[in-house]
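J.: Please read through the structure below; I'll follow up with questions.
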Amino acid sequence: MKAPLEARPGSKARLGYVRYGNGPVHVLVMHDWLADHSSYEAVMPWLDGHAFTYVFVDLRGYGQSIELAGEFTIKEIAADCLMLVDQLGWRRFHVIGHSMTGMITQRIAADVPSRVASAIAVCPVSAAGNRLSPEALAFFVSTVEDDGALRRLFKFVSGGLSDAWADRKVQQSRDTVAPACRRRYLEMLVKADFVDDVRGLETPYLIIIGDKDPGLDSEAMRRTFLAWHPNASLHVIPNCGHYPMQECPPYFATVIEDFLKREVPLN
C-alpha cells in the first residue's frame, strides 16, 4: 500500500513542503544547493510510510518556496525549519540534510539538541564550510548562470553519469531554484564556520557518501563530522556519486531507514 503524498504551498509564514507517509516517527528532509525537494522523488516509493512521516522541505528560493525572499543564511534556514516542525506539532524529530544542508543538520542539532533524535548527513558540507580556491570559486559562481558549467559540475560530482542525466539535472535546477538565492547560498557555503558550536554534540549521526563523489570523501568526513561528533558513523555507498537518492534510490532508502529504525520510535 502506497503511503499518502501531500503537498503544501509556500507562503510568508511557512516553507513549502511535501509530506510522505503517516507513521509515528517524524523525519525532516532538506535538499542540496542545486535543486528543491524533487531530488528525492525517486526514493519516495521505497520509503516506509507506515513507520515514518517524512517532510521534504523547500527552503527559501526553492520549489514551493521559490517566491520567498530572505537573507539566505545558515541561521535563517535553521530558524525556518524549526518553525516548520513547530507548525507540524513535532516535539522530537530526525533530520536529514544533503550537501549544502549537511551543515544545517549540525546547526539544528546544536540549537535544539533535546529535540533532534538523530541526524543523517548525505555527501555533506560541514560546519567548517567549503573553502574553495579562487579558481574553484569562480567555476562555482559561473554555474549560477552558465548551463554548460552547471552540466560539467553535475557530470563531475556524479562520477561521469550520462549526458542525458546531466541535462535533466540542469533543467531541474533551473526550474526549481530562484536565481536571486543561488549566489547568496554559495557565499554561505564558502564562509560557514561554526565548528565550535558542534564539537562534542552527542546526537547520533550517520554520514553517507558515495565512493565516486570527489572532494567529499572518507578522509574529508574523518576530519569533520567523525572528528566532532562522538556518536557518528560513516557509510560509503559503492559505485555512487553525489546524488545517492537519485543514483541508487532503493539502496539509499534501505541505508537511511536501517539507521532510523535503530533509534527509539518517537510519538
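In this note's numbering, the protein residues as written are 2 to 268. C-beta: ideal position from N, C-alpha, C; glycine also. Keep in mind the model is a prediction, meaning the values are calculated, not measured.
(1) Specify whether the segment 149-169 and the segment 129-138 touch according to this definition: at least 3 beta carbon pairs, one from each stretch, less than 8 Å apart.
(2) State the Cα-Cα distance for the pair R93 and V26, rounded to the nearest angstrom.
(3) Report yes or no: do the segment 235-248 and the segment 180-197 share at least 3 C-beta pairs separated by less than 8 Å?
(4) Using three-state DSSP, classify T74 as helix, strand or coil.
(5) May I have a chain-ordered list of the alpha helix (DSSP H) segments no shorter than 4 residues that lie completely inside the segment 84-108?
(6) For H27, write down the residues that DSSP places opposite it in a beta bridge.
(7) Expressed to the nearest angstrom, what Euclidean distance is found between the alpha-carbon atoms of V96 and S143?
(8) Among residues of its own chain, excluding the 5 on either side of D81, which ones have a beta-carbon nearer than 6 Å to its beta-carbon?
(9) If you reduce the DSSP assignment to three classes, tell me which class V19 lands in.
(10) Among L190, W229, I238 and E188, whose alpha-carbon lies nearest the alpha-carbon of D212?
(11) Below 8 Å, how does it come out for the segment 26-46 and the segment 69-76: are there three or more Cβ pairs, yes or no?
(12) Would you tell me roughly how many angstroms separate the C-alpha atoms of L83 and L261, rounded to the nearest one?
(13) Do you know whose CA, among P215, S119 and V28, lies nearest S100's CA?
(14) What residues are listed by DSSP as bridge partners for V211?
T.: The short version:
(1) no
(2) C-alpha separation (whole angstroms): 9 Å.
(3) The segment 235-248, when compared against the segment 180-197, does not touch it at the 8 Å Cβ threshold.
(4) Note: T74 maps to coil in three-state DSSP.
(5) none
(6) Per the DSSP secondary-structure output, H27 pairs in a beta bridge with T54.
(7) 31 Å
(8) L16
(9) strand
(10) Among L190, W229, I238 and E188, the Cα nearest to that of D212 belongs to I238.
(11) Result no; under three Cβ-Cβ pairs closer than 8 Å.
(12) 20 Å
(13) P215
(14) For clarity, residue 211 is Gly in the given sequence; the question names Val instead. Residue pairing by DSSP places G211 opposite I238 in a beta bridge.
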